[in-house]
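Peer 1: Please see the structure below; I have some questions.
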Amino acid sequence: MFEFIRNHQRWMQLILLILIVPSFAFFGVQSYSSFMSEEPKMATVAGHPITQREYDQARRNQLDQYRQMMGARFDAAALDNPAMRQRLLDQMIDQRVLAAAAADNRFSVSDETLRNTIASNPAVQEDGRFSAERYRAALAAQGLSPAAFEANLRAQLAVDRVLQPVGQSARVSGTVTADVENALTESRSVRLRRYAATDYRSQVQVSDADLQTWYDANKQQFQVPEQVKAQYLVLDEAAASAGIEVKDEDIQRYYDQNKSRFGQPERRRASHIMIELPANATDAQRKAAQAKAEDLAKQAAADPAGFAELAKKNSQDAGSAAKGGDLGWLAPGVIAPALEKAIDGLKKDQVSGVVQSPYGLHILKLTDIQPAQFKPLAEVKSQIVDEIRKQIAASRFSDMATKLTSLVYDQRDSLQPAADALGLKLREAGGIGRTELLPPDQAGPGSAAASPDSSLLDSPRVRQALFSPEVLRDKQNSGVIELSPDTMLVVRVAGLTPAHVPPLDQLKDKIRAKLVDERAADAAAKAGEQALETLRKDPAASLDGFAPAVDVSRDNPRNLSRPVLDAVMRVPAKPLPAYAGARESSDYVIARVEKVEAGKNDPSVTATLNQQLSSAWGQAEDAAVLKVLREQYKVQIAPEAAKVLKGDDIQTDAG
Numbered sequence: 020m021f022e023f024i025r026n027h028q029r030w031m032q033l034i035l036l037i038l039i040v041p042s043f044a045f046f047g048v049q050s051y052s053s054f055m056s057e058e059p060k061m062a063t064v065a066g067h068p069i070t071q072r073e074y075d076q077a078r079r080n081q082l083d084q085y086r087q088m089m090g091a092r093f094d095a096a097a098l099d100n101p102a103m104r105q106r107l108l109d110q111m112i113d114q115r116v117l118a119a120a121a122a123d124n125r126f127s128v129s130d131e132t133l134r135n136t137i138a139s140n141p142a143v144q145e146d147g148r149f150s151a152e153r154y155r156a157a158l159a160a161q162g163l164s165p166a167a168f169e170a171n172l173r174a175q176l177a178v179d180r181v182l183q184p185v186g187q188s189a190r191v192s193g194t195v196t197a198d199v200e201n202a203l204t205e206s207r208s209v210r211l212r213r214y215a216a217t218d219y220r221s222q223v224q225v226s227d228a229d230l231q232t233w234y235d236a237n238k239q240q241f242q243v244p245e246q247v248k249a250q251y252l253v254l255d256e257a258a259a260s261a262g263i264e265v266k267d268e269d270i271q272r273y274y275d276q277n278k279s280r281f282g283q284p285e286r287r288r289a290s291h292i293m294i295e296l297p298a299n300a301t302d303a304q305r306k307a308a309q310a311k312a313e314d315l316a317k318q319a320a321a322d323p324a325g326f327a328e329l330a331k332k333n334s335q336d337a338g339s340a341a342k343g344g345d346l347g348w349l350a351p352g353v354i355a356p357a358l359e360k361a362i363d364g365l366k367k368d369q370v371s372g373v374v375q376s377p378y379g380l381h382i383l384k385l386t387d388i389q390p391a392q393f394k395p396l397a398e399v400k401s402q403i404v405d406e407i408r409k410q411i412a413a414s415r416f417s418d419m420a421t422k423l424t425s426l427v428y429d430q431r432d433s434l435q436p437a438a439d440a441l442g443l444k445l446r447e448a449g450g451i452g453r454t455e456l457l458p459p460d461q462a463g464p465g466s467a468a469a470s471p472d473s474s475l476l477d478s479p480r481v482r483q484a485l486f487s488p489e490v491l492r493d494k495q496n497s498g499v500i501e502l503s504p505d506t507m508l509v510v511r512v513a514g515l516t517p518a519h520v521p522p523l524d525q526l527k528d529k530i531r532a533k534l535v536d537e538r539a540a541d542a543a544a545k546a547g548e549q550a551l552e553t554l555r556k557d558p559a560a561s562l563d564g565f566a567p568a569v570d571v572s573r574d575n576p577r578n579l580s581r582p583v584l585d586a587v588m589r590v591p592a593k594p595l596p597a598y599a600g601a602r603e604s605s606d607y608v609i610a611r612v613e614k615v616e617a618g619k620n621d622p623s624v625t626a627t628l629n630q631q632l633s634s635a636w637g638q639a640e641d642a643a644v645l646k647v648l649r650e651q652y653k654v655q656i657a658p659e660a661a662k663v664l665k666g667d668d669i670q671t672d673a674g
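Following this line, the structure appears as structure tokens:
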């Protein structure tokens, strides 16, 4: 059962989703309204509230799902923001609206549709067919009964019927599809002439007054976010390995105990003749088999060189008889113990007597021996030292982790005692913001972004710990942060720098470079626009400065940027040549359109394009229907929801 659950986690999540969301959204429109009426509201649908408690629970569930999926990469600050909170509320509202529409219009699902929906899921199938046993096992693992699950699934399928006919019936006409395909494949032959901003930089002059004026109007662009300087301890394999010395006697002992890993033990190759002896054989059968085996043993002993031929003619082991009884190179434990013992007692080319195994009676011949071959200790010494160090380090790491956890709580206002007790280096780095590591030019000396530990300090869990109230405000040590099974951190705040705008003196070079870039780009654009106006008055003007012609289209723009391509495709097809211009980053580009070729229709492409356009049209119609339903069911966002969506009234569970 548990193996099934592990292999079908997505199916189990679907079960939970169907149980939890629809049961509340579909039936909760009436059932919960009176009970929750006094709670703070986020929104109302047909007069029934979505309470803040419901919203907070949905938000926690959503964050838990992200945390499970992303592991150490989970960053609550990046996922729990106003836009994400607004999206969640919209989803809850839409679910309520659809549930209300399904109830009011008495949408229902037949037993046959319900059965087919469940049976069509591969997770509850065996050999391509629905398995009642697997179905019951999946539900039982979640403590669900088939009746309860099917009732909720029926409700969800009914809700789905509100929009399904809308999106599934959306179709774009063949004429529209053909027109779109023609527009995408229409080809134009274009020459480009670029006015590069770099060519005009030498003409730009920026005065101190310009710098001051720009700074006064735009200095917030250079605001440095709030940042902390952190002290921290790192416990990893390197720290646990520090100071470990491996003695020669330990190396010798390890080599002796693991010698088989550093070479190849003796190997033996043998052949046999087998006479079958069933476990339920009669006495007469046993005597006959024994007599035959002993006779063959005498013949083999008298002529060991003829053993292979004797095996081909007489051995009843179909797998080896055709190969003259050859069993190949034998590893320990491969054959029956009685046979292995007999082979170990033979010399090369010696033939054994009759040996009995669970499979029958055997005559054995040792055909070859490979002596044991091992690398000398000197050759593998460095490898052994590394392995011993890792074993010792693993044990030390566990002990150090336990002690570290205790020490950082024993003295909450300093990491030095823990560093001294464990022999760890107390490290320091600055420029750590709430959402990212600040670039070195904003962080200053000792920047975390420029530190060898940058990947550790940029972990969302580390940043969340540093900006937690206990660490940031109360200046206490954090708990032990396990970033991976072999890497742990403890942090504390050594200093806080509030958000601020640096003085002009620190920003002059940046502002000057920015103004030079902007004015050079403006100069390039002005020169390009003047040239474009001249060319439009005289289309037959010289082509000096234009690159060779290239053919472009909307679905194959070559290297044209979007602004230039859009300008090219807006040019009328007649008369030609025609000119267009567009800014491209800091440069200005003039395009000369010399030829236009109509687009072409490809049946296979047309069919795919029609599906894509129809799907997009269906999504647009779904959105339009939802908009109408929201108006019909008088959806209202409560005024107090604004604070929750902004984040003023909620606490992020960074965990």
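Residue numbers (the numbering used here): 20 to 674.
Glycine included, each C-beta is placed from N, C-alpha and C at the ideal position.
Beta-carbon separation of R287 and L385 under 8 Å?
Peer 2: yes
Peer 1: Let me confirm a value: G162 is counted as buried when at least 16 other C-beta atoms fall within 10 Å, else exposed. Which label applies?
Peer 2: exposed
Peer 1: Would you identify the three-state DSSP class for V373, choosing helix, strand or coil?
Peer 2: strand
Peer 1: Could you check how far apart the C-beta atoms of I451 and R482 are, in whole angstroms? I think they sit under 8 Å.
Peer 2: 6 Å
Peer 1: T627 by DSSP, collapsed to three states: which one?
Peer 2: helix
Peer 1: Just to confirm the assignment: which complete beta strand (DSSP E) runs, minimum length 3, are found wholly within the region 593–644?
Peer 2: 597–603 and 606–616
Peer 1: Taking Cβ to Cβ, would you say A597 is nearer than 8 Å to V590?
Peer 2: In this structure, V590 lies closer than 8 Å to A597 by Cβ.
Peer 1: In angstroms with no decimal places, state the Cα-to-Cα distance between F168 and L107.
Peer 2: Straight-line Cα distance between these residues: approximately 25 Å.
Peer 1: Using a Cβ-Cβ cut-off of 7 Å (strictly less than) and excluding sequence neighbours within five positions of N496, which residues of its own chain qualify?
Peer 2: V427, R431, L434, V509 and R511
Peer 1: Rounded to the nearest angstrom, what separates D574 and E548 at their Cα positions?
Peer 2: 28 Å
Peer 1: Looking only at its own chain, which residues have a Cβ that is under 7 Å from the Cβ of S127, when we skip the five neighbours before and after it?
Peer 2: A177
Peer 1: Please work out which residues of its chain come closer than 7 Å, Cβ to Cβ, to P284, disregarding the five sequence neighbours upstream and downstream, and give them in chain order.
Peer 2: A391
Peer 1: If V181 sits next to A121, beta carbons under 8 Å apart, how far is it from one beta carbon to the other, in whole angstroms?
Peer 2: 5 Å
Peer 1: Could you give the DSSP three-state label for N277: helix, strand or coil?
Peer 2: coil
Peer 1: What residue range is occupied by the uninterrupted beta strand (DSSP E) comprising A249?
Peer 2: Q246 to D255
Peer 1: Check E313 in the structure and name its three-state DSSP category.
Peer 2: helix
Peer 1: Would V571 be called buried (16 or more neighbouring beta carbons within 10 Å of its own) or exposed?
Peer 2: In the assembly as shown, V571 is a buried residue. Its beta-carbon has 16 or more other beta-carbons within 10 Å.
Peer 1: Taking only three categories from DSSP, how would you classify G282?
Peer 2: strand
Peer 1: Please report the distance separating the alpha-carbon of A448 from that of E152.
Peer 2: 58 Å
Peer 1: Alpha carbon to alpha carbon, how far is I388 from K366? Give it in angstroms, no decimals.
Peer 2: 9 Å
Peer 1: Using DSSP with H/G/I as helix, E/B as strand and the rest coil, what is I411?
Peer 2: helix
Peer 1: Would you check if the distance between the CB atom of R212 and the CB atom of A568 is smaller than 8 Å?
Peer 2: no
Peer 1: Assign S503 to one of two classes, buried (16 or more other C-beta atoms within 10 Å of its C-beta) or exposed (fewer than that).
Peer 2: exposed
Peer 1: What residue range is occupied by the uninterrupted beta strand (DSSP E) comprising S503?
Peer 2: I500 to S503
Peer 1: Given a cut-off of 8 Å on the beta-carbon distance, is the pair Y74 and M111 in contact?
Peer 2: Yes, these two residues count as a Cβ contact at 8 Å.
Peer 1: Taking Cβ positions, are I292 and G344 nearer each other than 8 Å?
Peer 2: yes
Peer 1: If you reduce the DSSP assignment to three classes, tell me which class K675 lands in.
Peer 2: Lying before the first or after the last residue shown, residue 675 is absent from the chain, which here runs from 20 to 674.
Peer 1: Using the Cα positions of V615 and Y607, report the straight-line distance between them to the nearest angstrom.
Peer 2: 23 Å
Peer 1: Spatial neighbours of F281 within its chain, please: CB distance less than 6 Å, with the 5 preceding and 5 following residues excluded, ordered by chain position.
Peer 2: F393, K394 and V399
Peer 1: Going by C-alpha distance, which of D477, D255, V612 and N629 is nearest F565?
Peer 2: V612
Peer 1: Mind reading off the beta-carbon distance from V225 to V499? Whole number of angstroms is fine, and I expect it under 8 Å.
Peer 2: Incorrect: roughly 52 Å between the Cβ atoms, too far for contact.
Peer 1: I'd like the list of long-range same chain contacts for V48, defined as Cβ closer than 8 Å, with 5 residues on each side in sequence excluded.
Peer 2: Residue confidence is low: V48 scores 42 on pLDDT, short of 50, so the model does not pin down where it sits. Its coordinate-derived value is still stated next. Same-chain partners within the cutoff: V64, A65, H67, R115, A118, A119 and A122.
Peer 1: Give the straight-line distance between the Cα atoms of Q250 and I263, rounded to the nearest whole angstrom.
Peer 2: 26 Å
Peer 1: Restricting to Cα atoms, I'd like to know which of S414, A341, Q240 and Q402 is closest to A261.
Peer 2: S414
Peer 1: So, with DSSP's three-state summary, where would you put E145?
Peer 2: strand
Peer 1: Ignore the nearest five residues each way along the sequence and tell me which others in E145's own chain have a CB closer than 7 Å to its CB.
Peer 2: R153
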